[in-house]
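Trainee:
Numbering (the numbering used here), first residue to last: 5 to 416.
#1: Shortest alpha-carbon distance to residue 307 belongs to which of 227, 411, 242?
#2: Would you call the stretch 207 to 217 in contact with the stretch 275 to 294, where contact means no fewer than 3 C-beta pairs closer than 8 Å?
#3: Specify the secondary structure class of residue 404 as computed by DSSP and reduced to three states.
#4: Could you give the C-beta distance for residue 334 and residue 101, rounded to a whole number, given that I count them as a contact under 8 Å?
#5: Taking the alpha carbon of residue 208 as the reference point, which residue from 368, 319, 269, 76 has its own alpha carbon closest?
#6: Rounded to a whole number of angstroms, what is the C-alpha to C-alpha distance between residue 408 and residue 398?
#7: Which class does residue 398 belong to by DSSP, given the choice of helix, strand or coil?
#8: Whose C-beta lies closer than 6 Å to the C-beta of residue 329 among residues of the same chain, with five residues either side of it excluded?
#9: Taking its Cβ as the centre, do 16 or more other Cβ atoms sit within 10 Å of residue 332, making it buried, or is it exposed?
#10: How about residue 271 and residue 200: do their beta carbons lie closer than 8 Å?
#11: Taking 8 Å as the cut-off, decide whether the C-beta atoms of residue 78 and residue 111 are in contact.
#12: Measuring straight from C-alpha to C-alpha, what distance separates residue 160 and residue 264?
#13: Give the range of the beta strand (DSSP E) segment to which residue 324 is assigned.
#14: On a Cα-Cα basis, can you pick out the residue from 339, 355, 247 that is closest to residue 380?
#15: Residue 225: buried (16+ other C-beta within 10 angstroms of its C-beta) or exposed?
#16: When you compare the stretch 368 to 376 with the stretch 339 to 355, are there three or more beta-carbon pairs, one atom per stretch, that lie closer than 8 Å?
#17: For residue 337, report the span of its beta strand (DSSP E) as first-last.
#18: Assuming residue 73 contacts residue 119 (C-beta within less than 8 Å), just tell me the rounded distance between them.
#19: Nearest-angstrom Cα distance between residue 344 and residue 318?
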């Protein structure tokens, strides 16, 4: 009878897990798309309305080629310059370049799935059926999350069942009382597995599973999708060497200490009739495990300081000075003209139409400065990059050079 009951409970648990999994999977695309949209897109877009950018409701029906839509989201400037008529019309209407989005095709598909049936447009009077752009019917993502409540209730019931089964299992393994001190008080060993041995064997099992998961995760993050691009400068290669050296040194220490930690917990578990040996201290051992880490860490810190100085120091071999000017959703780069100098700037002279960087044209060096929307650097030449911001703090990330600095409104 008890075995039949346990079997039925396990079957019920499996069905509840299956229901929770498949219910979540059905709405996974739109749910993920909503999260991505709210994280990356709400500054410029609002479903059902025109904000800085267009209303994205029904966006899929307005693009003839979905691949072109994906390409536009990843790099709108490239699609516009490629001659796409719809992309050019969008830019002409809103006069704003969409910033490149670092998203995969799957993530973009999730966002499109979410916004394609966004909230219906506001209508002017009764009897008007809202429709999305392109003539399609409106099919919003259901806002009713009632089914999620049922899934949550099912999970709570399932956890309660697992807890009840676990308690019965413990009683059957350890007997009526699982406290290890009872064995010593009563002078005899109870039927079943000792709590000391159970805890001891859990340590190596956990260690193996933990290390297996870490190795699996490491393989994932060493795929080309997650790897850094090849370093394009001497400083970038030096930073890579520092990173790899630090990873190897700390990785060896981590593996050794964790293996020894879990092994000692297993090896020196409690055993009947055996008393732990009291060992106060050992001056030699303490000196060794203090001196070696100190020397290794000092070497890493000095190497890191040297690399940092090389990356942030002012080049002394006539570098090219380039300014990166940041404002919300836009980077503009200023190159020196034939005179090799950047002219003065004055934030009071900033004009979005005629002088977006606030150049002071009373300075002759500013008259031949060249502005561009892309950063191009000459090969085999040091570059001094000046950062300036018009509004908020912006991160200038140059992964090929292993460099990231922040442009602040209050300084250069």
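For each residue, glycine too, the CB sits at the ideal point set by N, CA and C.
Mentor: Checking against the coordinates, here is how it stands:
#1: In the chain shown, counting from the first residue as 1, residue 307 sits at position 303. Here the closest residue by C-alpha is 242.
#2: no
#3: Taking the first residue of the chain shown as 1, we reach residue 404 at position 400. Three-state DSSP puts residue 404 in a helix.
#4: Taking the first residue of the chain shown as position 1, residue 334 is located at position 330. Taking the first residue of the chain shown as position 1, residue 101 is located at position 97. Their Cβ separation, rounded to whole angstroms, is 7 Å, which keeps residue 334 and residue 101 in contact under 8 Å.
#5: If you number the chain shown from 1, residue 208 lands on position 204. When only C-alpha atoms are compared, the closest one is 269.
#6: Here residue 408 refers to the residue found at position 404 when the chain shown is read from its first residue. Here residue 398 refers to the residue found at position 394 when the chain shown is read from its first residue. Distance between the alpha carbons of residue 408 and residue 398 is about 10 Å.
#7: On the chain shown, position 394 is the one that residue 398 refers to. In the structure shown, residue 398 sits in a strand (DSSP, three-state: E or B).
#8: Counting from 1 along the chain shown, the entry for residue 329 is found at position 325. For residue 329, where only same-chain residues beyond five positions count, the Cβ hits under 6 Å are 336, 361, 392.
#9: Start at 1 with the first residue of the chain shown, and residue 332 comes out as number 328. Looking at its Cβ environment, which holds fewer than 16 other Cβ atoms inside 10 Å, residue 332 is exposed.
#10: Counting from one through the chain shown, the residue named residue 271 turns up at place 267. Counting from one through the chain shown, the residue named residue 200 turns up at place 196. No. Outside cutoff.
#11: In the chain shown, residue 78 corresponds to position 74, counting from 1. In the chain shown, residue 111 corresponds to position 107, counting from 1. No, the Cβ-Cβ distance between residue 78 and residue 111 is not below 8 Å.
#12: On the chain shown, residue 160 is found 156 positions in, with the first residue counted as 1. On the chain shown, residue 264 is found 260 positions in, with the first residue counted as 1. Between residue 160 and residue 264, the C-alpha separation is close to 38 Å.
#13: Taking the first residue of the chain shown as 1, we reach residue 324 at position 320. First-last of the beta strand (DSSP E) with residue 324: 324 to 331.
#14: Numbered from its first residue, the chain shown carries residue 380 at position 376. Out of 339, 355, 247, 339 has the C-alpha closest to the C-alpha of residue 380.
#15: In the chain shown, residue 225 corresponds to position 221, counting from 1. Answer is exposed; the Cβ neighbour count stays below 16.
#16: yes
#17: Numbered from 1 along the chain shown, position 333 holds the residue referred to as residue 337. Element bounds for residue 337: 334 to 339.
#18: Within the chain shown, numbered from 1, the residue matching residue 73 stands at position 69. Within the chain shown, numbered from 1, the residue matching residue 119 stands at position 115. Going by Cβ atoms, the distance from residue 73 to residue 119 rounds to 11 Å, so no, they are not a contact pair.
#19: Start at 1 with the first residue of the chain shown, and residue 344 comes out as number 340. Start at 1 with the first residue of the chain shown, and residue 318 comes out as number 314. Their backbone Cα atoms lie some 17 Å apart in a straight line.
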